[in-house]
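This report refers to the structure that appears directly beneath it.
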Amino acid sequence: MTVPALPTDWSTQQLAEFLAAVSTACDPAQAGQRGVERAAEAFEAEIGFLVSDGDVVASVGFPAGEVPLDLLLGLPGDAEVELDGLGGCRTMAAHIEARAGRLVVARSGDEPFGIEQQNLLRGMARVLDLTVGMLERQILLERLSKIQRSISHRAPLQEVLDAITTGAVELLGADLSGLRVVDPDDPTQMIVVSSAGVPDHILDQVRRQTVGEGAGGRAIAQDRLIVVSDYARDPRATKPFAEEKLQAAMAAPVHEDGVAVGSLVVGSYRANRVFSDSEQSALLALAEHASLALTDARTVEEMREAQRSRDMFLAMVSHELKTPLTVIMGVLKTLELRGGELAAELSQELIGSGYERGRELEMLIDKLLRGARAELAGTVEPAYLPRLVRSALRGFDRTRTVSVAAIPDLTLHVDRGAVTQVIEALVENAVSHSPMASEIRIRTGYEDGVVTIDVDNEGDLPPDVSINDLFAPFRRGSGTRTPGVGLGLYIASRVAETMEGSIDVRSGAGRVVFSLRFPASVAAPAAESSRAG
Amino acid sequence: MSEDRWVGVGRSAATDARLAGKEATDDALKGPDAKLVIVFCSSSYDLPELLAGINERSGGAPLIGCSTAGEIATSGPAESSVVVTAIGGSGFSVRTRAATGASQRLRESGAEAAGGFVELEDRPHRVLLMLTDGLAGDQQEIVRGAYGVVGAQVPLVGGCAGDDLKMVSTQQLFNDQVLEDAVVAAAIGSDAPLGIGVRHGWRKVGEPMLVTRSSDNRVYTIDDRPALDAYLERLDAPEEVHTDAAAFTRFALTHPLGLSGRGGEAHVRFIGEADFEDRSLGCIAEVPQSGMVWLMEGDEDSVLDATTAACSEALEALAGEQPLGAIAFDCIARRGVLGDEGIEREIGRIAELTGGAPVAGFYTYGEIARTRGISGFHNQTLVVLAVA
Chain V
665 MTVPALPTDW STQQLAEFLA AVSTACDPAQ AGQRGVERAA EAFEAEIGFL VSDGDVVASV
725 GFPAGEVPLD LLLGLPGDAE VELDGLGGCR TMAAHIEARA GRLVVARSGD EPFGIEQQNL
785 LRGMARVLDL TVGMLERQIL LERLSKIQRS ISHRAPLQEV LDAITTGAVE LLGADLSGLR
845 VVDPDDPTQM IVVSSAGVPD HILDQVRRQT VGEGAGGRAI AQDRLIVVSD YARDPRATKP
905 FAEEKLQAAM AAPVHEDGVA VGSLVVGSYR ANRVFSDSEQ SALLALAEHA SLALTDARTV
965 EEMREAQRSR DMFLAMVSHE LKTPLTVIMG VLKTLELRGG ELAAELSQEL IGSGYERGRE
1025 LEMLIDKLLR GARAELAGTV EPAYLPRLVR SALRGFDRTR TVSVAAIPDL TLHVDRGAVT
1085 QVIEALVENA VSHSPMASEI RIRTGYEDGV VTIDVDNEGD LPPDVSINDL FAPFRRGSGT
1145 RTPGVGLGLY IASRVAETME GSIDVRSGAG RVVFSLRFPA SVAAPAAESS RAG
Chain S
828 MSEDRWVGVG RSAATDARLA GKEATDDALK GPDAKLVIVF CSSSYDLPEL LAGINERSGG
888 APLIGCSTAG EIATSGPAES SVVVTAIGGS GFSVRTRAAT GASQRLRESG AEAAGGFVEL
948 EDRPHRVLLM LTDGLAGDQQ EIVRGAYGVV GAQVPLVGGC AGDDLKMVST QQLFNDQVLE
1008 DAVVAAAIGS DAPLGIGVRH GWRKVGEPML VTRSSDNRVY TIDDRPALDA YLERLDAPEE
1068 VHTDAAAFTR FALTHPLGLS GRGGEAHVRF IGEADFEDRS LGCIAEVPQS GMVWLMEGDE
1128 DSVLDATTAA CSEALEALAG EQPLGAIAFD CIARRGVLGD EGIEREIGRI AELTGGAPVA
1188 GFYTYGEIAR TRGISGFHNQ TLVVLAVA
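In order, the protein sequences belong to chains V and S. Counting from 665, one number per residue, gives the positions in the first sequence under this note's numbering. Counting from 828, one number per residue, gives the positions in the second sequence under this note's numbering.
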């Protein structure tokens, strides 16, 4: 049996026990409390307390709620003092430089603390300092990794930012914290995007501030850590905070792509509050995470935007492909079934129409192959209105009765592709939402430089659907008979917008009318040539 | 002054619980205006009945109490009995509290039970008397919790309830309630001094051993070996102690561990039980990891000398005033050393020293006394509270 070498002297033994007790603490507060208790136990002292950054952070030996803070803060390190209820006491203190603090014990009676005891207390103070430092770092790391996790799990940005400001208050023992970012619409201004511990009446006053003002504004303007002690007397302090007697503040810049776009600020009302080096590092680390969160959120938003437009692009492209294909398939089916019965002229026309749609498909596929995004808006060129309308209706009038009212005899400057697309979409919609045997009526007008094309079908609008809903993507009416993804009206309205036009809908007396309106100027000479052609 | 204060002690060994409660209380109520009733009784009684009898006679004066491993009265030690102490008169004020669920929140329960102190009328002399469940866990944590409430100005005194060494469950009594896993406490204020004496009379023997792994009040390894093996081997314990739980507890009573202290008497840790599976030792209070422990020994002389010293210390603290009564918290382990005759002599000695003032008390699983310093939990110790 091997017996480990035993520490036989009392001090070593006590220090080992002290280390064992404080190192198992879960947080700095508990380590501090255990530290003062174990120190008092070791010296058989009645009183023990720990001062850190000018404040008593742990104490033992006083009735609950009756810790005489001023007395303790003023208690000399090595002295004989009279304490209430204890009589004459001897005190002993060990300083903790890094925290502007000290560990103090007071023992009743007049037995002085010997040199061995003083050394032991110094050792305990050192152990306590290291342990508390370790726990603080550990808590900071835990907090940061929690924030990192929420960033990587794509938690809502506000949630992440709130976790940072709350974390700043808790980790730094501050009273308030705020995160500001520069207003994208006005770079001279900054806006509070998250705060913790800031009362509402102050928040209202500081919600918008000029960059450069206050600790937070300076951190952005100078792109560095700003530490302010004696805040209330700082001439550049933010007034509402100064009026509330804020004692100390510090602010760290928050970056996006390396540029200071905001700042994370903490403040304390406690007298003589000094932010230690480790607290300054902690704030910088938190600000760094705010930077991460902001940069990441923007990237995510861009990705989502890209994703959205890609999905939309695909949906629109497939719709574009499908519509002409439907017509082509219809033509071929008619020819297959009734080819022999059809007059040669009619057959020719059907084939011509199918061919035209095939050309459109070819052009569209060409466009795709060239890698062009579906630029819906094309070029404006002269077009003969009657032909434009009739060519857009071609194919539909084979499957349904389409009556076309007189079309103004005009040649206009228009985006032919766009007009065709909208008419097709509206007619397709009419076909989908009206009885097979019913008539679809087309009326075209031109007045004060505005073209109006009405597509009128039998039916009714669903009662609970707003006009906005009708034009939203991926919406399909309940009675829809034809397959599709519900993009037709959406595309039509988007395309109409590219012509600076609009689509309205109205219903009544068992009919629904969609009206396309768009401005177009008359190009008479070209009309003639077009007509001639 | 003393006409404003009185202390009375009554005992009954009646088998009927209600009757026993009434008899003991009648003897204890020496005067009017009872401020506090303190009950020490065998857990073999029907405790609700016992309390009903006591409260009927006391008129419902605030009551704290506990089950024991033997009761002490002026006439000597006994078992299967009830001892009632009553204090009263305008010279005393009392606030009582109870905290339950102690094993899950040792420190908080100590603080909660001590909470009556906050409301205690300001008197020149004060003490917090605590009765705890010694099987709930690290008792020093309970004491720390109470110390955090009352601070260094107020002494703590008391003991851990017993269950006749069955080590299964103990009861704490509060007014008409029978509690388990609880801490009950009375904050007592008096116009006259309250004296506390503490001694154990045990000595360290042999070389120290190092606690290489412990957690709260369990010791897992000593000198890097399973604690139970190291302990039994060092003591060359009889065979049955290695395997039988009851035999182990009896053996461990007189073979406690001692903890190093700065000076004066070392702290003693009573080993309540052993886990034969994981080879650990269960103590009544924390044995710090990395701490040094010694095996301790005591004999009748050293233990009785401690009795004299503890009593004298308590009486001296009365600053010349005559004691009205004394309460003894006497570790059951001392009984193991003294034997039946020895404990008769011990109580006789206490009664002699208090000069005819009534004596009450019980055999405990741990003792509480904090007058100086901060450590207030003891084992194998006699704690005496003298009331003037």
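Glycine included, every Cβ here is placed at the ideal spot set by N, Cα and C. None of these values were measured; they are calculated from a predicted model.
Evaluate contact between the region 908 to 922 of chain V and the region 761 to 781 of chain V, counting only Cβ atoms and requiring at least three cross-stretch pairs below 8 Å.
Verdict: no, contact absent.
Could you give the uninterrupted runs of the alpha helix (DSSP H) lying entirely in the region 868 to 914 of chain V, keeping only those of 4 residues or more?
878 to 886 and 903 to 907
As a quick exercise: from V:R1062, V:S945 and V:L739, pick the residue whose alpha carbon is nearest that of L805 (chain V).
Walking along the first sequence from the start, residue 805 (chain V) turns up at place 141. With distances taken between Cα atoms, L805 (chain V) lies closest to V:S945.
So that I know if they touch, is there some Cβ in chain V lying closer than 8 Å to that of V1046 (chain S)?
Against the second sequence, residue 1046 (chain S) aligns to sequence position 219. Using a Cβ-Cβ cut-off of 8 Å, V1046 (chain S) does not count as an interface residue toward chain V, since no Cβ of chain V sits closer than that to its own.
Candidates S:T1081, S:P1020, S:L956 and S:T1070, of which the one nearest G1188 (chain S) by Cα
Your numbering for residue 1188 (chain S) matches position 361 in the second sequence. Per the Cα distances, S:L956.
Do the CB positions of W1121 (chain S) and A1160 (chain S) come within less than 8 Å of each other?
By one-based count along the second sequence, residue 1121 (chain S) stands at place 294. By one-based count along the second sequence, residue 1160 (chain S) stands at place 333. Result no, Cβ atoms of W1121 (chain S) and A1160 (chain S) do not sit closer than 8 Å.
Mind checking the region 1111 to 1125 of chain S against chain V and listing, in chain order, the residues whose C-beta falls within less than 8 Å of any C-beta there?
P1115, Q1116, S1117, G1118 and M1119
Would the beta-carbon of V1025 (chain S) fall within 8 Å of that of L874 (chain S)?
Residue numbering aside, residue 1025 (chain S) sits at position 198 when the second sequence is read from its first letter. Residue numbering aside, residue 874 (chain S) sits at position 47 when the second sequence is read from its first letter. Contact: no.
Taking buried to mean at least 16 other C-beta atoms within 10 Å of its own C-beta, is C1110 (chain S) buried or exposed?
Counted from its first residue, the second sequence places residue 1110 (chain S) at position 283. With 16 or more other Cβ atoms within 10 Å, it is buried.
Would you tell me roughly how many angstroms separate the C-alpha atoms of L670 (chain V) and L1037 (chain S), rounded to the nearest one?
Taking the first sequence and counting its residues from 1, the one referred to as residue 670 (chain V) is at position 6. Taking the second sequence and counting its residues from 1, the one referred to as residue 1037 (chain S) is at position 210. Any reading at L670 (chain V) needs caution, since the residue's pLDDT is 45, under 50, leaving its predicted position unreliable; the model's value is listed next. Computed Cα separation, rounded: 7 Å.
Please confirm if R950 (chain S) has its CB atom under 8 Å from at least one CB of chain V.
By 1-based counting over the second sequence, the position of residue 950 (chain S) is 123. Output row for R950 (chain S): interface = no.
DSSP three-state assignment for A840 (chain S), whether helix, strand or coil:
For the purposes of this step, residue 840 (chain S) is identified with residue 13 of the second sequence, where counting begins at 1. Of the three classes helix, strand and coil, the one that applies to A840 (chain S) here is coil, per DSSP.
Any beta carbon from chain V within less than 8 Å of V976 (chain S)'s own beta carbon?
To locate residue 976 (chain S), count along the second sequence from 1; it is residue 149. True, the Cβ-Cβ gap to chain V drops below 8 Å.
Backbone secondary structure at V1149 (chain V) - three-state DSSP
In the first sequence, counting from the first residue as 1, residue 1149 (chain V) sits at position 485. Note that V1149 (chain V) scores a pLDDT of 43, beneath 50, so its modelled location is shaky and nothing firm can be said.
I want to know whether the region 945 to 960 of chain S touches the region 988 to 1000 of chain S - three or more CB-CB distances under 8 Å.
Judged by Cβ distances under 8 Å, the region 945 to 960 of chain S makes contact with the region 988 to 1000 of chain S, as three or more pairs qualify.
Going along the chain, which unbroken runs of the alpha helix (DSSP H) with 4 or more residues stay wholly within the region 858 to 930 of chain S?
874 to 885
Counting only beta-carbon atoms, is V677 (chain V) nearer than 8 Å to chain S?
The residue you call residue 677 (chain V) lines up with position 13 of the first sequence. Reading the sequence as shown, one finds Gln at residue 677 (chain V) and not Val. It does: the Cβ of Q677 (chain V) has a partner Cβ on chain S nearer than 8 Å.
What number of angstroms, rounded off, separates the C-alpha of T895 (chain S) from the C-alpha of D991 (chain S)?
Taking the second sequence and counting its residues from 1, one reaches residue 895 (chain S) at position 68. Taking the second sequence and counting its residues from 1, one reaches residue 991 (chain S) at position 164. Near 6 Å, if we compare the C-alpha coordinates of D991 (chain S) and T895 (chain S).
Give the secondary structure of G1035 (chain V) by DSSP, where H, G and I count as helix, E and B as strand, and everything else as coil.
In the first sequence, counting from the first residue as 1, residue 1035 (chain V) sits at position 371. Here the model assigns G1035 (chain V) a pLDDT of 43, short of 50, so the residue's position is not dependable, and the following value carries that caveat. G1035 (chain V) falls in the coil class under three-state DSSP.
Return the bridge partner residues of M756 (chain V) from the DSSP annotation.
Translated into the one-based positions of the first sequence, residue 756 (chain V) becomes position 92. Bridge partners of M756 (chain V): V:V769.
Label M1100 (chain V) either buried or exposed according to how many other C-beta atoms from any shown protein chain fall within 10 Å of its C-beta, with 16 as the threshold for buried.
Reading the first sequence from its first residue, position 436 is the one you call residue 1100 (chain V). Exposed is the call here.
For a contact meaning CB atoms closer than 9 Å, what does I1195 (chain S) contact in chain V?
Against the second sequence, residue 1195 (chain S) aligns to sequence position 368. None at all; the shortest Cβ gap to chain V is about 15 Å.
C-beta atoms of L1001 (chain V) and L1014 (chain V) nearer than 8 Å:
Locating residue 1001 (chain V) in the first sequence gives position 337, counting from the first residue. Locating residue 1014 (chain V) in the first sequence gives position 350, counting from the first residue. No, the Cβ-Cβ distance between L1001 (chain V) and L1014 (chain V) is not below 8 Å.
In angstroms with no decimal places, state the Cα-to-Cα distance between A1036 (chain V) and L1025 (chain V).
Mapped onto the first sequence, residue 1036 (chain V) falls at position 372. Mapped onto the first sequence, residue 1025 (chain V) falls at position 361. Residue placement at A1036 (chain V) is flagged as unreliable, the pLDDT there being 41, under the threshold of 50; the coordinate-derived value follows with that caveat. If I take the Cα positions, the gap works out to 15 Å.
Out of V:D742, V:A883 and V:I760, point me to the one whose CA is closest to C753 (chain V)'s CA.
Against the first sequence, residue 753 (chain V) aligns to sequence position 89. Per the Cα distances, V:D742.
Among S:L856, S:A1215, S:A1133 and S:G1203, which has the Cα closest to the Cα of E708 (chain V)?
In the first sequence, residue 708 (chain V) corresponds to position 44, counting from 1. Out of S:L856, S:A1215, S:A1133 and S:G1203, S:G1203 has the C-alpha closest to the C-alpha of E708 (chain V).
Residue interval of the alpha helix (DSSP H) (run including C1138 (chain S))
Here residue 1138 (chain S) refers to the residue found at position 311 when the second sequence is read from its first residue. From DSSP, the alpha helix (DSSP H) with C1138 (chain S) extends over E1127 to E1143.
Look at S1129 (chain S) and G1028 (chain S) and say whether their C-beta atoms are less than 8 Å apart.
Residue 1129 (chain S) sits at position 302 when you count from the first residue of the second sequence. Residue 1028 (chain S) sits at position 201 when you count from the first residue of the second sequence. In this structure, G1028 (chain S) lies closer than 8 Å to S1129 (chain S) by Cβ.
Where the alpha helix (DSSP H) through P1050 (chain V) begins and ends:
The sequence position of residue 1050 (chain V) within the first sequence is 386, counting from 1. Counting along the chain, the alpha helix (DSSP H) containing P1050 (chain V) begins and ends at L1049 to L1057.
Distance check for L950 (chain V) and F713 (chain V), CA to CA, integer angstroms please.
Residue numbering aside, residue 713 (chain V) sits at position 49 when the first sequence is read from its first letter. Residue numbering aside, residue 950 (chain V) sits at position 286 when the first sequence is read from its first letter. Cα to Cα, the separation comes out at about 31 Å.
Out of V:R937, V:L947, V:M1027 and V:R1064, which one is the CA nearest neighbour of Q994 (chain V)?
In the first sequence, residue 994 (chain V) corresponds to position 330, counting from 1. Reading off the sequence shown, one finds Gly at residue 994 (chain V), where the question assumed Gln. Minimum Cα distance to G994 (chain V) is reached at V:R1064.
In chain V, what lies closer than 9 Å to R838 (chain S) by C-beta?
Within the second sequence, numbered from 1, the residue matching residue 838 (chain S) stands at position 11. Ordered by position in chain V, no residue passes the 9 Å Cβ test against R838 (chain S), which lies about 36 Å from the chain.
Cβ-Cβ distance between V1115 (chain V) and R1181 (chain V) below 8 Å
What you label residue 1115 (chain V) is simply residue 451 of the first sequence in a count that begins at 1. What you label residue 1181 (chain V) is simply residue 517 of the first sequence in a count that begins at 1. Yes.
When the Cα of L910 (chain V) is compared with those of V:V925, V:V1044 and V:V862, which residue comes out closest?
The count along the first sequence starts at 1 and reaches residue 910 (chain V) at position 246. Per the Cα distances, V:V862.
Expressed to the nearest angstrom, what Euclidean distance is found between the alpha-carbon atoms of G1125 (chain S) and Q781 (chain V)?
Against the second sequence, residue 1125 (chain S) aligns to sequence position 298. Against the first sequence, residue 781 (chain V) aligns to sequence position 117. Computed Cα separation, rounded: 31 Å.
Helix, strand or coil, according to DSSP, for A832 (chain V) in the structure here?
Your numbering for residue 832 (chain V) matches position 168 in the first sequence. Helix at A832 (chain V).
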